[in-house]
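Report on the structure given below.
Residue numbers (this note's numbering): 196 to 523.
Written out as structure tokens, the structure is:
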């Protein structure tokens, strides 16, 4: 059954997911504020991110800057705007919805620096009584591969397995597979903290010439993140670390130079923290998450996390990057 989707945002990830939905015959309105992207999308492309590659079934996709129009007859909203504007955009959405109820898919990873909540919780609070169901689509995925119909597998994470199953069916194509996962809080913990780990992996990769080291550090980091997830959510499944949103996302983000957080770590290894920050125009999620994670680890009952603690010390407390492995 065809559904009416609204993508909030016209960026790379929003476009990639819209293309998957369009491939399955759904109708999509993409809302944004970038006029050149809107014009592009209405021509069947998004050249800013994907050169001349076309959307699947572009006739199913319409881009607009008119939020009220975009939300007409909407069934499901996909929140894919930059994280700093999620709350103000959803305030506008709620105004236009009136009494209508909708379901939401979140694709934002990380923790809100103001409220210290995962973005799924931020969305729940912003939409309030208008919300029917919510899930997050997270896992090892670069938007360009999804858009170009290269095989990708991610998790649909949430509390309601029936809703997760529906979302899985809406999105799944021959090249894009969703797997339901009900361990919501732990999966979001992995998804957020892996960005901090990726910075440390980049630092280590830039400073230590050893092919043996990175797999070892991923193992240590994965264990530490799992213990933190257990601390934050004691009901966490013992197998959540094997999920796509956990170890899958960690491997992709922590070993790939095209990962923003990994490349930020490489810059730190080369030029130091302050120069690396100055060189990065875009937000590095792991740097902001490190500030929140430090407060979590200061809790007397928190698990020891020596590698992640050292990454935080490099980022925030002037530990020499060459000392990042001094815990071993």
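Cβ coordinates follow ideal geometry from the N, Cα and C atoms, glycine included.
Please read all numbers here as calculations on a predicted model, not as lab measurements.
- Item | Beta-carbon proximity list for residue 317, same chain, < 7 Å, skipping 5 on both sides | 281, 282, 307, 310
- May I have the straight-line CA-CA distance separating residue 395 from residue 305, to the nearest angstrom? 17 Å
- Message: Does residue 255 come out as helix, strand or coil in the three-state DSSP assignment?
- Response: helix
- In this structure, what does DSSP give as the bridge partners for residue 301? 274, 331
- Query: Below 8 Å between beta carbons: does that hold for residue 210 and residue 426?
  - Reply: no
- Query: Beta carbon of residue 463, beta carbon of residue 488: below 8 Å?
  - Reply: no
- Message: For residue 366 and residue 256, I'd like the C-alpha separation in whole angstroms.
- Response: 15 Å
- Item | Residue closest to residue 321, alpha-carbon to alpha-carbon, out of 505, 299, 517, 401 | 299
- Item | Contact check, residue 139 vs residue 204, beta carbons under 8 Å | Since the displayed the chain opens at 196 and closes at 523, residue 139 lies outside it and no answer follows.
- Item | DSSP state of residue 521 mapped onto helix, strand, coil | coil
- Query: Helix, strand or coil for residue 376 per DSSP?
  - Reply: strand
- By how many angstroms is the C-alpha of residue 441 removed from the C-alpha of residue 423? 13 Å
- Message: To test your reading of the DSSP string, which unbroken alpha helix (DSSP H) runs of 4 or more residues are found completely within the segment 431 to 483?
- Response: 444 to 449, 455 to 466, 468 to 474
- Pull up the distance between the alpha-carbon of residue 465 and that of residue 455, whole angstroms please. 15 Å
- Beta-carbon proximity check, residue 338 vs residue 208, cutoff 8 Å: yes
- Are the C-beta of residue 283 and some C-beta of chain D separated by less than 8 Å? In the displayed structure, chain D is absent; only one protein chain is listed.
- Query: Taking one C-beta from the segment 446 to 461 and one from the segment 382 to 393 each time, how about it: are there three or more such pairs within less than 8 Å?
  - Reply: yes
- Using alpha carbons as the reference points, say which of 458, 401, 263, 471 lies closest to residue 224. 263
- Query: Are residue 347 and residue 218 closer than 8 Å when you measure CB to CB?
  - Reply: no
- What's the C-alpha gap between residue 412 and residue 473? 27 Å
- Item | 8 Å Cβ cutoff met for residue 332 and residue 373 | yes
- Message: Whole angstroms are fine: how far does the CA of residue 364 sit from the CA of residue 344?
- Response: 17 Å
- For residue 317, the three-state DSSP class (helix, strand or coil): helix
- Item | Short Cβ contact (8 Å threshold) for residue 383 with residue 353 | no
- Along the chain, where does the beta strand (DSSP E) that runs through residue 367 open and close? Where residue 367 is concerned, there is no enclosing beta strand (DSSP E), given that its DSSP letter is neither H nor E.
- Query: Are residue 478 and residue 388 closer than 8 Å when you measure CB to CB?
  - Reply: no
- At what residues does the alpha helix (DSSP H) containing residue 242 begin and finish? 242 to 245
- Message: Please return the same chain residues whose Cβ sits closer than 7 Å to the Cβ of residue 362, not counting the five positions on each side in sequence.
- Response: 300, 330, 351, 373
- Task: In angstroms with no decimal places, state the Cα-to-Cα distance between residue 228 and residue 433.
- Result: 43 Å
- Pull up the distance between the alpha-carbon of residue 513 and that of residue 491, whole angstroms please. 20 Å
- What's the gap between the Cα of residue 349 and the Cα of residue 469? 34 Å
- Item | Boundaries of the beta strand (DSSP E) in which residue 199 is found, first to last residue | 199 to 203
- Message: Can you check which of these residues, 421, 296, 459, is closest to residue 399 by C-alpha distance?
- Response: 459
- Query: Between the beta-carbon of residue 258 and the beta-carbon of residue 233, is there less than 8 Å?
  - Reply: yes
- Tell me whether the beta-carbon of residue 266 lies closer than 8 Å to the beta-carbon of residue 201. yes
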